[in-house]
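Read the structure below first, then the notes.
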Amino acid sequence: FTSVDGYTDSIPIAKAMEDRTLVAYLMNGKTVPQDHGYPARMLVPNIYGMKNVKWIRTIEVVNYDFIGYWQQQGWSDSANVNTNARIDLPGRSLRWTGGTVPVAGIAFAGARGISKVELSSDGGKSWGLATLEVPMGPLTWRRWSYDWTPNSAGPAKLIVRATDGTGNTETPIARSPYPDGSTGYDSIDVTVQRA
Numbered sequence: 002f003t004s005v006d007g008y009t010d011s012i013p014i015a016k017a018m019e020d021r022t023l024v025a026y027l028m029n030g031k032t033v034p035q036d037h038g039y040p041a042r043m044l045v046p047n048i049y050g051m052k053n054v055k056w057i058r059t060i061e062v063v064n065y066d067f068i069g070y071w072q073q074q075g076w077s078d079s080a081n082v083n084t085n086a087r088i089d090l091p092g093r094s095l096r097w098t099g100g101t102v103p104v105a106g107i108a109f110a111g112a113r114g115i116s117k118v119e120l121s122s123d124g125g126k127s128w129g130l131a132t133l134e135v136p137m138g139p140l141t142w143r144r145w146s147y148d149w150t151p152n153s154a155g156p157a158k159l160i161v162r163a164t165d166g167t168g169n170t171e172t173p174i175a176r177s178p179y180p181d182g183s184t185g186y187d188s189i190d191v192t193v194q195r196a
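See below:
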């Protein structure tokens with residue numbers, strides 16, 4: 002794929018032929034807007050955005066593994082999306098009146114989907130099962146929530162992990178995005194204050 006600004010990338014022909022891989026020229030029944038990739042863009046499930054080329058000028062089929070811009074910089078050629086979850090609520094400080102505190106966030110694993118999300122407040126010794134909302138579609142993130150009961154006022158660390166639809170749980174090993182996408186459990190430190 003070559004975009005109008007000269008950006009280049011590639012995907013294997015087998016990936017290009019998957020049913021869910023799209024060359025999109027319409028968005029909600031209208032021409033794709035400029036900021037979303039006009040005149041056309043790739044939508045390739047399960048791989049990171051660098052492979053979802055926007056502003057496509059040409060598509061060429063070659064008989065070798067074409068190495069695109071980011072791969073020339075050392076980034077992953079397959080660019081497979083890692084299973085991950087994050088905590089969006091609560092904030093870093095919360096007032097607690099006793100009872101439960103709502104904890105919530107999102108989880109994502111591409112077309113593999115999310116089968117479960119778990120939360121720990123004891124450093125990963127034990128895990129509680131979060132409630133999953135119905136996903137908005139087969140390729141979207143999945144919202145989750147958990148009713149957490151703090152043991153006491155004071156500092157606490159909440160950790161979340163997700164398991165995808167194939168049964169693989171995300172790795173706890175923290176890794177920076179380069180070269181294969183970031184990994185590791187998301188966590189937040191909170192201070193629980195009695196109201």
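Residue numbers for the sequence shown follow our numbering, so the first one is 2 and each next one is one higher.
Backbone N, C-alpha and C define an ideal beta-carbon position, used for all residues, glycine too.
If I measure Cβ to Cβ from Val191 and keep anything under 8 Å in the same chain, skipping five residues before and after, which residues do I get? Pro91, Gly92, Arg93, Ser94, Leu95, Pro156, Ala157, Lys158 and Leu159
Are Pro103 and Ser122 touching if we call contact CB-CB under 9 Å? no
Could you pull the DSSP bridge partners for Thr164 from this structure? Lys117 and Thr170
DSSP on Gln194, reduced to helix/strand/coil? strand
Three Cβ pairs or more, each shorter than 8 Å: is that satisfied between the segment 104 to 112 and the segment 134 to 152? yes
Give a yes or no on whether the C-beta atoms belonging to Asn81 and Asn47 are separated by under 9 Å. yes
Indicate the three-state DSSP secondary structure (helix, strand or coil) for Gly125 in the structure shown. coil
Does Asn83 pass the burial test, meaning 16 or more other C-beta atoms within 10 Å, or should it be called exposed? buried
Mapping the DSSP letters down to three states, classify Tyr49 as helix, strand or coil. coil
Beta-carbon spacing of Leu140, Val118 below 9 Å: no
Residue range of the beta strand (DSSP E) that Ala86 falls in? Asn85 to Leu90
Leaving out five residues on either side along the sequence, give the residues of the same chain with a beta carbon under 8 Å from the beta carbon of Ile68. Ser11 and Asp78
Name the two residues that bound the continuous beta strand (DSSP E) containing Tyr147. Arg143 to Trp149
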